[in-house]
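Trainee: Residue numbers (UniProt numbering): 1 to 287. Cβ atoms here follow ideal geometry from the backbone N, Cα and C, with glycine treated the same way. Got a structure for you, written out below as structure tokens; questions coming shortly.
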């Protein structure tokens, strides 16, 4: 009886410490919390230890999940929880939140929601549309500062640097319904001003077949595909799945319309992509 009371007390303390509220949360269906708890329980029974192992495990668990774009969009900003429909960004955010939760002291859907909010929003707190970390460079900077993950691109042999000004969203305002609002548009413009002439490390796609580069990658690492597109830093996300000693991309594919492991290794996959310049690599940290 004392043990049950202690567990309930600990849960109450933890729940009260979370910043998000149920009212600000939007679920895809009434099975979301059950599915998340089941995934976490299965992971805890799988004898995993490192964040990379959890990232790879959860990525494989979500294979076949339908690709659906724009699941976060609504008339207002909610903490959207949806593991049944994923795009490339929500797929990776889901893996991070599941991993960080599985490594926590209280692995429940409630802790998952808290971790999801922390990785998705400016200062780790849900606000309006402008608080979502739309640009991957901002997403990397903020989550690195909070200790969620670290970028290891500059630790990889043959890395280079690139300088870009991020302004794709405001120069394509009509593509983002939320930016019909002048205040939202100005908020995004203010965010972009902090990433004027932004410098970041990357590994050229031409070097992805080099053994020293391959040896620096691990299954579960987050891969960010850098792009030539004006005003944009990263065009796609996924995680590494090592197959026969070569890195493949496990990702929510808009082409395949589901979560898949690409049949080609990273070098072969990106070699013919005219817009892709290379990759940035991010590694999730423990709590």
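Measure the CB-CB distance between residue 146 and residue 287 and report whether it falls below 8 angstroms.
Mentor: It is not a contact, given that the beta carbons lie outside the stated cut-off.
Trainee: Determine the burial state of residue 163: buried for a count of at least 16 other Cβ atoms within 10 Å of its Cβ, exposed for fewer.
Mentor: The residue in question, residue 163, is exposed, as its Cβ has fewer than 16 Cβ neighbours within 10 Å.
Trainee: From the DSSP output, in three-state form, read off residue 252 for me.
Mentor: Three-state result, residue 252: strand.
Trainee: I need the straight-line Cα distance from residue 116 to residue 94, nearest angstrom please.
Mentor: Approximately 7 angstroms between the Cα atoms of the pair.
Trainee: Excluding sequence positions up to five away, which residues of its chain have a Cβ less than 6 angstroms from the Cβ of residue 288?
Mentor: Residue 288 falls outside the range modelled here, since the chain spans only 1 to 287, and no answer is possible.
Trainee: What are the start and end residues of the alpha helix (DSSP H) that includes residue 191?
Mentor: Residue 191 -> alpha helix (DSSP H) spans 182–193.
Trainee: Curious, which full-length alpha helix (DSSP H) runs of at least 4 residues does the stretch 111–158 contain?
Mentor: Runs of the alpha helix (DSSP H) inside the stretch 111–158: 136–145.
Trainee: Nearest-angstrom Cα distance between residue 197 and residue 172?
Mentor: Each residue's Cα considered, the two are about 19 angstroms apart.
Trainee: Is it the case that the Cβ atoms of residue 167 and residue 192 are separated by a distance below 8 angstroms?
Mentor: Taking 8 angstroms as the Cβ cut-off, residue 167 and residue 192 qualify as a contacting pair.
Trainee: Helix or strand or just coil, what does DSSP make of residue 175?
Mentor: Reduced to three states, the DSSP call for residue 175 is helix.
Trainee: Take residue 231 as the anchor and find which of 210, 199, 207 has the nearest alpha-carbon.
Mentor: Residue 231 has its Cα closest to that of 199, out of 210, 199, 207.
Trainee: Do residue 156 and residue 281 have their CB atoms nearer than 8 angstroms?
Mentor: Cβ distance < 8 angstroms, so residue 156 and residue 281 count as in contact.
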